[in-house]
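Colleague: Chains A and B supply the protein sequences, listed in that same order. Here the first sequence is numbered in my numbering, starting from 847 and rising by one per residue. Here the second sequence is numbered in my numbering, starting from 847 and rising by one per residue.
Protein chains: 2
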Amino acid sequence: MPQLRVHNLAVSLDGFAAGPGQDLDHPLGIGGEGLHGWVFATRPFRESHDLPGGDVGMDADFIEQGDAGIGATIMGRNMFGPVRGAWPDETWTGWWGVDPPYHHPVFVLTHHARPPVTMEGGTTFTFVVDGIESALEQAFAAADGQDVRLGGGASTIQQYLRAGLVDELHVAIVPILLGSGERLFERVSEASDAYSCTELASSGSVAHVRLTRTA
Amino acid sequence: MPQLRVHNLAVSLDGFAAGPGQDLDHPLGIGGEGLHGWVFATRPFRESHDLPGGDVGMDADFIEQGDAGIGATIMGRNMFGPVRGAWPDETWTGWWGVDPPYHHPVFVLTHHARPPVTMEGGTTFTFVVDGIESALEQAFAAADGQDVRLGGGASTIQQYLRAGLVDELHVAIVPILLGSGERLFERVSEASDAYSCTELASSGSVAHVRLTRTA
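#1: Would you check if the segment 947–964 of chain B and the segment 917–928 of chain B touch, i.e. whether three or more CB-CB distances between them fall below 8 Å?
#2: Candidates His-895/B, Ala-863/B and His-882/B: which alpha carbon is nearest Gly-967/B's?
#3: Return yes when the Cβ of Glu-1014/B is within less than 8 Å of the Cβ of His-849/B, no when it is not.
#4: Determine, using beta carbons only, whether Leu-859/A and Leu-1023/A come nearer to each other than 8 Å.
#5: Asp-901/B bridges to which residues according to DSSP?
#6: For Tyr-1041/B, decide whether its Cβ has a neighbour in chain A, counting only Cβ atoms nearer than 8 Å.
#7: Is it right to say Trp-884/B is buried, meaning 16 or more other beta carbons lie within 10 angstroms of its own, or is it exposed?
#8: Using CA coordinates, which residue listed in Ala-1037/A, Gly-1050/A, Leu-1046/A and Ala-1053/A is at the minimum distance from Arg-1062/A?
#9: Report the partner residues of Tyr-948/A according to the DSSP bridge assignment.
#10: Give the secondary structure of Met-965/B by DSSP, where H, G and I count as helix, E and B as strand, and everything else as coil.
#11: Using 8 Å as the limit for Cβ to Cβ distance, is Phe-1031/B near chain A?
#12: Rounded to a whole number of angstroms, what is the C-alpha to C-alpha distance between Gly-1027/B and Asp-1039/B?
#13: If you run the structure through DSSP and keep just helix, strand and coil, what is Ala-864/B?
#14: Can you confirm whether the segment 987–994 of chain A touches the segment 983–1000 of chain B when touching is taken to mean that 3 or more C-beta pairs between the two stretches lie within less than 8 Å?
#15: Using a Cβ-Cβ distance under 8 Å, would Val-1017/A count as near chain B?
#16: Contact defined as beta carbons within less than 8 Å: I believe Ser-1051/B pairs with Asp-905/B. What is the distance between those atoms, to the nearest angstrom?
#17: Which residues in chain A have a C-beta closer than 8 Å to the C-beta of Leu-996/B? List them in chain order.
#18: Please go through the segment 1004–1035 of chain B and give each complete beta strand (DSSP E) segment of 3 or more residues, from N-terminal end onward.
#19: In this structure, does DSSP put Thr-956/B in helix, strand or coil?
#20: Around the Cβ of Met-925/A, are there at least 16 other Cβ atoms within 10 angstroms (buried) or fewer (exposed)?
#21: With 7 Å as the limit, tell me which residues of the segment 972–1001 of chain A have their beta carbon closer than that to any beta carbon of chain B; keep them in chain order.
#22: Name the residue from Val-1017/B, Arg-1029/B, Pro-1021/B and Gly-1025/B whose alpha carbon lies nearest to the alpha carbon of Tyr-1041/B.
#23: Under 8 Å, CB to CB, which of the residues in the segment 859–877 of chain B have a partner in chain A?
#24: Would you call Val-944/B buried or exposed, if buried means 16 or more other Cβ atoms sit within 10 Å of its Cβ?
#25: Express the C-alpha separation of Leu-1057/B and Gly-912/B in angstroms, rounding to a whole number.
#26: Please tell me whether Asp-976/B and Arg-851/B are closer than 8 Å, where the distance is taken between their beta carbons.
#27: Cα separation between Pro-873/A and Asp-935/A?
#28: So which residues of chain A does Gly-1025/B contact, with C-beta pairs closer than 9 Å?
#29: Measure from the C-beta of Leu-1046/B to each C-beta in chain A and report whether the shortest distance is under 8 Å.
#30: Per DSSP, what kind of secondary structure is Asp-913/B in: helix, strand or coil?
#31: Tell me the rounded alpha-carbon separation between Pro-1021/B and Phe-971/A.
#32: Quick one: is Ala-932/A buried, meaning 16 or more other Cβ sit within 10 Å of its Cβ, or exposed?
#33: For Arg-930/B, count the other beta carbons within 10 Å of its own beta carbon; 16 or more makes it buried, fewer makes it exposed. Which is it?
#34: Assign Ile-978/B to one of three DSSP states: helix, strand, or coil.
#35: Would a check of beta-carbon distances place Ser-894/A closer than 8 Å to chain B?
#36: Among the residues of its own chain, which have a CB less than 8 Å from the CB of Arg-892/B, if the five just before and after it don't count?
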């Protein structure tokens, strides 16, 4: 059975997946970029963004696992962009330029309908207005037998956790304190008994925790 | 300069240092005992509780470090016992029997005065009603040049973090989800910029994070 997987979701030691005050200038919230330095340093990330160099090793392996066997991605609207409310026009096509690093169908959860967007390199953005289950059905269909990756942000992941739809959850704990922001594990007590830790490892800069659904 | 150190403070992946519903039957809250299994498994813990066997290795090393160079301990009243409000009498002398595993002066923060208690094995319990700074002063004096360990619970640690008084904070992340309970990192944004991670390691069952005060 194809699975719904979360990978490389960075959270601070105090539990925040993004800093406070997310906007166009602070897509990850204030201080939130500190959550992602370990990603930017890896070779697979740099290759996928046409940058030279990068580290190999545990962190790079986790980044690669996040792409392996994935045929579609679901993300929340705030991960797609800083625009809130109704779309003023169709000029915003994501943070990632003309050739986003997905190269497969991406389903964006939103309350505001918008025609699909076809980018270069095989990425399409489809805007889903009828809920998380619909997005998941569409993503599984588009993935054509492969798994679906669930991107962020925190509130999107919480919705899928509460609905019991996440099969695997890989969290990367970054040992910084953000003080405030968007908590990952909040109002998800439904998930407490549903997962077992199947991997716990430290690269020295990040602690990787993999939870696998058991119930 | 003697330091105030927190050691082996276990928190769940979702950030709770104790489960919900702490009482006499559930001193660590419901599900909270799952936070401490890794401690009970170590040889130093078992030796200090006159139990045979136990594991050596990373987790055991961290448990030992928690005692090294410590001359006094501060703890919150809820860590001392389940009694709330005024002391009905003086029969409660802690969770640990006649010979608690401290063997040095322990200062218990409370709003309700009570005479000191002398236990076997060198442990004394002194009840401090005039605040966290007073407890710290008394503890440093009693430690006689050694460091002071700050025990739990979460709210006690938060008070000292907010006051900028914690020099070192070792958190052990246990990869379970409790769903609710007492969060460690809540209302401590004052501490966000004050610490650097000086150690991050995984024993396979627990991820150890050491923060050291830099500001």
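Using N, Cα and C, we set each Cβ at its ideal position, and we do this for glycine too. Remember, predicted model here, so these are calculated numbers, not experimental data.
Modeller: Concretely, from the data shown:
#1: Output reads yes: the segment 947–964 of chain B touches the segment 917–928 of chain B.
#2: His-895/B
#3: Per the sequence presented here, residue 849/B reads as Gln, with His not at that position. The answer is yes: Cβ separation under 8 Å.
#4: yes
#5: Thr-888/B
#6: yes
#7: buried
#8: The question about residue 1062/A has no answer, for chain A in this structure spans 847 to 1061.
#9: Its beta-bridge partners do not exist; DSSP assigns none.
#10: Coil at Met-965/B, not helix or strand.
#11: For Phe-1031/B, the answer is yes, since a Cβ of chain A falls inside 8 Å of its Cβ.
#12: 26 Å
#13: strand
#14: Not touching, per the Cβ criterion.
#15: yes
#16: 7 Å
#17: Here the premise fails: no neighbours, minimum Cβ distance about 17 Å.
#18: 1014–1020
#19: coil
#20: buried
#21: none
#22: Val-1017/B
#23: Leu-859, Asp-860, Gly-861 and Gly-877
#24: exposed
#25: 14 Å
#26: no
#27: 20 Å
#28: Phe-1031, Val-1034, Ser-1035, Glu-1036, Ala-1037, Ser-1038 and Asp-1039
#29: For Leu-1046/B, the closest Cβ of chain A is nearer than 8 Å.
#30: Reduced to three states, the DSSP call for Asp-913/B is coil.
#31: 34 Å
#32: exposed
#33: exposed
#34: helix
#35: no
#36: Cβ within range, chain order: Phe-886, Pro-898, Gly-899 and Gly-900.
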